[in-house]
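Visitor: Numbering (this note's numbering), first residue to last: 122 to 200. Glycine included, every Cβ here is placed at the ideal spot set by N, Cα and C. To start, I am sharing the structure in question, which I have written as structure tokens.
So, in structure tokens, the structure goes:
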């Protein structure tokens, strides 16, 4: 799910989504979060919601993948 860090993908992020899975809250600008597979991520989530506290995602891209995107200080895209 994460391009440059398979350990984060296989263990941490996947497990967190399966346990909690209602929303992804981005609090870091790490490259691992910039390289998410949004199609797969949406399949793993109970609700396609991304709270983007670092403004690393483009609202148009989030809308394209069907996410409700809540960036700080920007207009949001609803699925």
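So, helix, strand or coil for residue 169, using DSSP?
Guide: Reduced to three states, the DSSP call for residue 169 is coil.
Visitor: Could you tell me if residue 174 is buried or exposed, where buried requires 16 or more neighbouring beta carbons within 10 angstroms of its beta carbon?
Guide: So residue 174 ends up on the exposed side.
Visitor: Given that a residue counts as buried once 16 or more other Cβ atoms are within 10 Å of its Cβ, and exposed if not, what is residue 171?
Guide: Classification for residue 171: buried.
Visitor: Inspect the beta-carbon positions of residue 178 and residue 163 and report whether they are closer than 8 Å.
Guide: It is not a contact, given that the beta carbons lie outside the stated cut-off.
Visitor: State the Cα-Cα distance for the pair residue 161 and residue 169, rounded to the nearest angstrom.
Guide: Taking the straight line from one Cα to the other gives about 11 Å.
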